[in-house]
């Protein structure tokens, strides 16, 4: 948290099945987990706030934003999404959460971000395999709500230039889901592009959040006067 302004309160959200909630059964359906997180976060939503999520976390941040928009006045001032897009990806021969144990382990290894020694250890893999299956099933069975309105909150989209699952052209589809400004940050690397450059990512987040809060403080723009958007490549 040292990379963010000292007057920010940064809260890490832990879904059931991991962290302090690792003994809880993980959710396997996105909307059910979204509603669960909404209840947990309720005490924190009485002040200006924003969401940032990576991969499955980006899906959940997006659905949380949609849920709050449908409920009423409590909306995020900013939304940051990383390495995920609501645009459909290529068809798979077999759902990832139904793969054999060995094929699932190979797929997780290709994604990166997990030490090879952990994946190679049978006991460690046996411990984390159910969580990977639950998470991948949640992501792969999610379908967008065709009635969801465009996002009104300023949106920042982060991704790795070499991420095979979410390449830049797939991330660009966020433009179709946003009513407000969209800032894109494409950084060298794959799905876990932020490893080794958390300070850079935090600086970009801080800049975009400050810009979003400044827009909140300004009079609303009329039709035909959209806010700025950009694509930024490192």
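In UniProt numbering, the protein residues as written are 1 to 234. Glycine residues also receive a C-beta, built at the ideal position from the N, C-alpha and C atoms.
Going by DSSP, what residue range makes up the beta strand (DSSP E) through residue 180?
Along the chain shown, read from residue 1 onward, the residue named residue 180 stands at position 180. It is not in any beta strand (DSSP E) - residue 180 carries neither H nor E in the DSSP assignment.
I'd like to confirm the pairing. Which residues does DSSP put opposite residue 53 in its beta bridges?
Counting from one through the chain shown, the residue named residue 53 turns up at place 53. BP columns for residue 53 point to 81.
At least one CB of chain B closer than 9 angstroms to the CB of residue 138: is that the case?
No chain B appears in the structure shown, which is made up of a single protein chain.
Buried or exposed by the 16-neighbour rule on C-beta atoms within 10 Å, applied to residue 166:
For the purposes of this step, residue 166 is taken as the residue at position 166 of the chain shown. Burial call: buried.
What did DSSP end up calling residue 239 once you bin it into helix, strand or coil?
The structure shown does not extend to residue 239, since the chain is modelled only from 1 through 234, so no value can be given for it.
Check whether the Cβ atoms of residue 81 and residue 58 lie closer than 9 angstroms to each other.
If you number the chain shown from 1, residue 81 lands on position 81. If you number the chain shown from 1, residue 58 lands on position 58. Yes, these two residues count as a Cβ contact at 9 angstroms.
Mapping the DSSP letters down to three states, classify residue 11 as helix, strand or coil.
For the purposes of this step, residue 11 is taken as the residue at position 11 of the chain shown. Secondary structure of residue 11 (DSSP, three-state): coil.
Going by DSSP, name the residue or residues bridged to residue 157.
Taking the chain shown and counting its residues from 1, one reaches residue 157 at position 157. 81 and 184, per the DSSP bridge assignment.
Keeping to the same chain, check which residues put their C-beta closer than 6 angstroms to that of residue 201; ignore five residues upstream and five downstream.
Your numbering for residue 201 matches position 201 in the chain shown. Only 194 meet the Cβ criterion.
State the Cα-Cα distance for the pair residue 151 and residue 178, rounded to the nearest angstrom.
Position 151 of the chain shown, counted from the first residue, corresponds to residue 151. Position 178 of the chain shown, counted from the first residue, corresponds to residue 178. About 4 angstroms.
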